[in-house]
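Heads up: the structure comes next, in structure tokens.
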Ligand code: NAP
């Protein structure tokens, strides 16, 4: 029996599904000891800091992650930053294989003038802000104006627009960060424009998310009937199923009676962003449209136009992800998830994606002599980290705090608080 040691970097869905695939491929000839490294004191990646707080069902995948963690050959090294607390090269030396499951954390830039004005945020900042990510929860997001413009037509743009346009009382039973909930309660934003650069038939958001919108009690959701009829005509009978489903769902909204909502969520298609204007902060966005240039007043802008891998890894990039061949980057270094294929797909997509990379790893390892256990033990023995039991302390603490106020959890939002709870100092 050969026992191989695998380091996985990044404790989001792709990291956990890689561990699960390794567990599933263990047999009488081969076994795998998995060490999962995570920069934050808390695991679960985008399930904790990306998924919208009003989508609790999607977060229930964390139960699967906890089951994966129960395996005796699994260890968590949270609060360890690879590249800072421990080098990637040392992991490559000490482990038989290293899997980078570090996502694509950098928000893409529009590359237009004014993008750096105050109160213009990327979804890579705005989403972790409302989800209580310790690096973003203190951002000075200003919701004191009347109109927000969200640029992009994917599910992230949809999450951001919905959160801004919904009644914040409907968020009090979620795990949104306390700070963001307070800001949203006090928000003066009354109008949210979701601006797509192409027609409705090209929108990337999906029908289930659209079908939620008519349920928003206090929000008048507005889509132009004319725009949808034209998009249906342009898409034609041969349109793909998901396009038809999207257009059907948008038509239902377009045909809805207007309600006297306290807030308004408007969809605008064919709005290509050209410039963001303002003196010290965002004041308007200029769009190129089929009708010519349009300048729309705005107090807050959020761009939700996709993500890219972090260049600080000093690995070659190919589009938004690390250059790789079916997950292999180089030597014994692999990648999975968004870092491998770019920011696409739902959480479950990472399961099949990780399985295929892990099959390749196992194929390449079979017949090779495993590296010595002492190499790995020497590397990690002095790491000041949060282990599985300590993470469970944080998890139980947050859930217990939530139970007191009828919420699934109350998130700790600073690394210091998290460490204090993990180490039993609070
Ligand atoms: P996305 O689906 O790729 O959407 C990106 C959007 O940005 C597209 O509408 C794109 O328009 C637009 N865009 C790109 N560059 C632009 C530019 N320069 N100017 C204007 N618009 C621009 O990405 P995402 O919304 O970040 O989502 C990432 C992945 O996570 C997706 O697979 C998504 O489904 C998934 N996700 C799922 C959920 C859920 O299941 N509820 C929630 C959140 C995210 P073009 O099409 O014209 O390029």
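Residue numbers (the numbering used here): 429 to 854. Note that beta-carbon positions come from the ideal geometry of N, C-alpha and C, so glycine has one too.
Beta carbon of residue i nearer than 8 angstroms to that of residue j
{"i": "residue 560", "j": "residue 473", "result": "no"}
{"i": "residue 504", "j": "residue 471", "result": "yes"}
{"i": "residue 562", "j": "residue 468", "result": "yes"}
{"i": "residue 762", "j": "residue 770", "result": "no"}
{"i": "residue 602", "j": "residue 481", "result": "yes"}
{"i": "residue 726", "j": "residue 618", "result": "no"}
{"i": "residue 429", "j": "residue 459", "result": "yes"}
{"i": "residue 607", "j": "residue 822", "result": "no"}
{"i": "residue 699", "j": "residue 624", "result": "yes"}
{"i": "residue 680", "j": "residue 739", "result": "no"}
{"i": "residue 374", "j": "residue 829", "result": "Since the displayed the chain opens at 429 and closes at 854, residue 374 lies outside it and no answer follows."}
{"i": "residue 631", "j": "residue 651", "result": "no"}
{"i": "residue 814", "j": "residue 506", "result": "yes"}
{"i": "residue 551", "j": "residue 732", "result": "yes"}
{"i": "residue 673", "j": "residue 622", "result": "no"}
{"i": "residue 677", "j": "residue 639", "result": "yes"}
Which of helix, strand or coil DSSP assigns to residue i
{"i": "residue 840", "result": "coil"}
{"i": "residue 373", "result": "In the structure as shown, the chain starts at 429 and stops at 854, and residue 373 therefore has no counterpart that could be examined."}
{"i": "residue 527", "result": "strand"}
{"i": "residue 825", "result": "helix"}
{"i": "residue 439", "result": "coil"}
{"i": "residue 388", "result": "Given that the chain is displayed from residue 429 to residue 854, the structure contains no residue 388 and the question cannot be resolved."}
{"i": "residue 789", "result": "helix"}
{"i": "residue 621", "result": "strand"}
{"i": "residue 448", "result": "helix"}
{"i": "residue 517", "result": "helix"}
{"i": "residue 728", "result": "strand"}
{"i": "residue 717", "result": "strand"}
{"i": "residue 633", "result": "coil"}
{"i": "residue 846", "result": "helix"}
{"i": "residue 584", "result": "helix"}
{"i": "residue 797", "result": "coil"}
{"i": "residue 479", "result": "coil"}
{"i": "residue 808", "result": "helix"}
{"i": "residue 832", "result": "helix"}
{"i": "residue 533", "result": "coil"}
{"i": "residue 461", "result": "strand"}
Minimum C-alpha distance to residue i - residue among the options
{"i": "residue 616", "options": "600, 692, 688, 562", "result": "692"}
{"i": "residue 855", "options": "573, 558, 575", "result": "It is not possible to answer for residue 855, since the shown part of the chain is limited to 429 through 854."}
{"i": "residue 541", "options": "498, 791, 707, 580", "result": "707"}
{"i": "residue 535", "options": "725, 441, 730, 774", "result": "730"}
{"i": "residue 741", "options": "500, 453, 516", "result": "516"}
{"i": "residue 717", "options": "734, 735, 697, 736", "result": "697"}
{"i": "residue 684", "options": "434, 514, 649, 606", "result": "649"}
{"i": "residue 510", "options": "787, 687, 465, 817", "result": "465"}
{"i": "residue 695", "options": "745, 629, 500", "result": "629"}
{"i": "residue 500", "options": "613, 785, 816", "result": "816"}
{"i": "residue 604", "options": "657, 555, 539, 847", "result": "555"}
{"i": "residue 820", "options": "850, 810, 801", "result": "850"}
{"i": "residue 836", "options": "724, 656, 483", "result": "483"}
{"i": "residue 589", "options": "665, 832, 644, 744", "result": "644"}
{"i": "residue 614", "options": "622, 620, 475, 597", "result": "597"}
{"i": "residue 476", "options": "512, 847, 493", "result": "493"}
{"i": "residue 810", "options": "485, 513, 490, 544", "result": "513"}
Close beta carbons around residue i, own chain, < 6 angstroms, minus the five adjacent residues each side
{"i": "residue 586", "result": "633, 637"}
{"i": "residue 812", "result": "none"}
{"i": "residue 711", "result": "705"}
{"i": "residue 547", "result": "570, 709, 710, 728"}
{"i": "residue 522", "result": "803, 804, 807"}
{"i": "residue 496", "result": "444, 447, 448"}
Close Cβ partners of residue i (< 7 angstroms) along its chain, the five nearest in sequence each way excluded
{"i": "residue 445", "result": "778, 779, 782"}
{"i": "residue 760", "result": "520, 524, 525, 526"}
{"i": "residue 793", "result": "432, 524, 525"}
{"i": "residue 454", "result": "460"}
{"i": "residue 627", "result": "659, 662, 697, 698"}
{"i": "residue 834", "result": "601"}
{"i": "residue 577", "result": "621, 623, 713, 724, 726, 729"}
Same chain, Cβ closer than 8 angstroms to residue i, five either side skipped, listed in chain order
{"i": "residue 721", "result": "702, 714, 715"}
{"i": "residue 845", "result": "854"}
{"i": "residue 670", "result": "634, 635"}
{"i": "residue 767", "result": "438, 442, 528, 529, 530, 531, 532, 737, 749, 750"}
{"i": "residue 646", "result": "594, 595, 689, 690, 691"}
{"i": "residue 753", "result": "none"}
{"i": "residue 746", "result": "752"}
{"i": "residue 843", "result": "468, 469, 507, 562"}
Residue i Cβ short of 7 angstroms to the ligand COA heavy atom set
{"i": "residue 771", "result": "Inclusion of the ligand COA in the displayed structure is not the case, the ligand content consisting of the ligand NAP alone."}
C-beta neighbour in chain B for residue i, strict 8 angstroms
{"i": "residue 467", "result": "Absence of chain B from the displayed structure is noted, only one protein chain being present."}
- Item | alpha helix (DSSP H) runs wholly inside the region 737-771, at least 4 long, in chain order | Runs found: 766-769.
- Query: Residue ranges of each alpha helix (DSSP H) run of no fewer than 4 residues wholly in the region 549-582, ordered along the chain?
  - Reply: 551-558
- Enumerate, from N- to C-terminal direction, the unbroken alpha helix (DSSP H) stretches of 4 or more residues contained entirely within the region 637-695. Segments of the alpha helix (DSSP H) lying fully in the region 637-695: 653-663, 669-683.
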